[in-house]
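Counted the way the working numbering counts, the sequence shown spans residues 27 to 343.
Yeah, the Cβ is synthetic: ideal placement off N, Cα and C, and Gly gets one too.
Structure first, then comments.
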Amino acid sequence: MKNLRVLGAKGSREEIARTIASCALSDKQYEELLAGAIDADRLKAVKWILRQSPLEKWSPIRAFEMAIVSGKLNIVRWIFEKETIPLDNGIFMLVGRHGHVDIFTYLSSQICKRPRENVHWPDSVRRIDTNVYPEGDDGHDEEEDEFCGCANGCDEGCYNRGMQLYCHEDNCHQGPNCGNRFTSHENAITLFDTGSSKGIGAKANQDIPAGTLIVEYVGEIIDIDQVRARNYPFYTMHLEGDLYIDAARVGNNSRFFNHRCQDQNCEIQKWGRGARTRIGIFSKRDIAIGEELLIRYAGELPFACECGAKCCVSKQK
Ligand SMILES: C[S@@+](CC[C@H](N)C(=O)[O-])C[C@H]1O[C@@H](n2cnc3c(N)ncnc32)[C@H](O)[C@@H]1O
Ligand SMILES: [Zn+2]
Ligand SMILES: [Zn+2]
Ligand SMILES: [Zn+2]
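Have a look at this one:
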């Protein structure tokens with residue numbers, strides 16, 4: 027079943043199947059839709075197909091047509107996100123305003139993307155575990171660090187922890203007993219396609235307790251002049267002084283955390299000091315398996331926000 031099929035139907039499975047068959051798109055039309063370049067002529071073809079449906083008078087079908095006419099396929103996505111109940115792969119039930127039920131079957135992931143797991147890591151981005159410093163600078167401080175003096179592992183009472191300094195070999199003798207290392211739990215994250223303009227997102231693949239360092243935000247360490255020269259704010263985070271982390275070209279799963287305007291379940295914390303400063307994404311509260319992991323981006327958003335929160339900035343415009 028390769029065709030995009032649009033159907034409005036109330037009735038038995040057989041009736042539904044007949045209506046699906048009557049409004050299937052040809053392979054060519056399907057390819058055109060997938061290509062996303064819907065010009066006026068192609069549009070007519072799509073509308074013509076829709077008119078084949080005996081049920082085109084139904085308002086959800088008109089809404090679908092209108093979305094295609096306006097070239098705003100994201101409206102279609104919106105309609106489905108807001109008003110549909112996913113039944114199973116590719117089949118959605120749409121409850122219309124007048125109480126009738128329509129079923130739209132489409133296999134086009136472009137037109138109606140549903141959240142999908144196991145997305146591919148982008149080829150253009152190199153995976154790294156730790157920050158990449160400019161050549162000749164390993165990111166270590168000139169200053170001597172003081173040792174915390176803990177004797178039985180480092181916990182709540184550890185001096186370093188109290189100062190929001192993570193422990194390392196130059197300020198803690200506790201080695202494997204230390205409970206204050208900057209240790210990520212990146213395996214608690216699965217990347218997924220949000221199915222919206224948000225693109226790829228990160229979600230919890232297990233319950234995560236509040237206060238967990240989920241993942242360190244890593245990337246290239248660049249200065250303010252490079253930030254300005256690169257001019258893409260999307261993956262840049264301030265580290266300390268005039269240094270920034272840019273995860274556009276290199277990074278780990280942290281670069282896929284999307285923004286939410288309100289009630290984020292994760293937060294950014296800076297630990298360490300001077301050139302030892304590191305950024306962690308921590309859980310703000312207990313997070314349940316399956317939840318999307320969301321932070322608040324600093325400053326004005328350079329994109330139209332689709333976070334869905336009540337106080338979303340895009341609703342205030
Ligand atoms: C740090 S990246 C997050 C990962 C990104 N989703 C991706 O697929 O690579 C930031 C970009 O994600 C998208 N994004 C994040 N949060 C969003 C939101 N609430 N609404 C719309 N787009 C969002 C924007 O395109 C933004 O420039
Ligand atoms: Zn300690
Ligand atoms: Zn320690
Ligand atoms: Zn928002």
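Cβ of residue i versus every heavy atom of ligand 2: is any distance shorter than 7 Å?
i: Asn186; result: yes
i: Cys174; result: yes
i: Asn206; result: yes
i: Cys338; result: no
Measuring alpha carbon to alpha carbon, tell me which residue in the options is nearest residue i.
i: Gly188; options: Leu320, Gly245, His199 and Asn206; result: Asn206
i: Phe260; options: Ala273, Ile250, Leu269 and Asp268; result: Ala273
i: Asp251; options: Ala236, His211, Asp268 and Leu239; result: Asp268
i: Cys287; options: Gly183, Leu320 and Gly316; result: Leu320
i: Glu326; options: Gln295, His285 and Val244; result: His285
i: Arg152; options: Val276, Ile313, Lys336 and Ser309; result: Val276
Excluding the five sequence neighbours on either side, which residues of its own chain have a C-beta within less than 6 Å of the C-beta of residue i, listed in chain order?
i: Ala324; result: none
i: Gln200; result: Cys176, Gly179 and Cys180
i: Ile248; result: Tyr270 and Asp272
i: Ile1; result: Within the shown structure, residues of the chain are numbered from 27 to 343, placing residue 1 beyond reach of any answer.
i: Arg322; result: Gln290
i: Glu332; result: Ser222, Ser223 and Lys224
i: Cys193; result: Cys180, Asn186, Cys204, Asn206 and Arg207
i: Leu265; result: Ile271 and Thr303
For residue i, which residues in the same chain have their Cβ closer than 8 Å to its Cβ, ignoring the five residues on either side in sequence?
i: Pro141; result: Annotation note: pLDDT 49 at Pro141 (below 50); position unreliable, no value reported.
i: Ala330; result: Ser223 and Ser340
What three-state label does DSSP hand residue i in the structure shown?
i: Cys337; result: coil
i: Gly276; result: First, the residue type needs correcting, since residue 276 is Val and not Gly in the sequence shown. If DSSP states are grouped into helix, strand and coil, Val276 belongs with the strands.
i: Glu246; result: strand
i: Arg153; result: strand
i: Glu212; result: helix
i: Glu332; result: coil
i: Gln252; result: helix
i: Asn284; result: strand
Taking 7 Å as the line, does the beta carbon of residue i fall inside it for any heavy atom of ligand 1?
i: Arg281; result: yes
i: Phe218; result: no
Please tell me whether, using a cut-off of 7 Å, the distance from the CB of residue i to the nearest non-hydrogen atom of ligand 3 is below it.
i: Cys287; result: no
i: Gln200; result: yes
i: Cys333; result: no
Output needed for residue i: all residues of its chain with C-beta closer than 7 Å, excluding positions within five of it in sequence on either side, in chain order.
i: Arg311; result: Ala236 and Asn291
Any chance the CB of residue i is under 7 Å from a heavy atom of ligand 4?
i: Ser223; result: no
i: Cys193; result: no
i: Ala324; result: no
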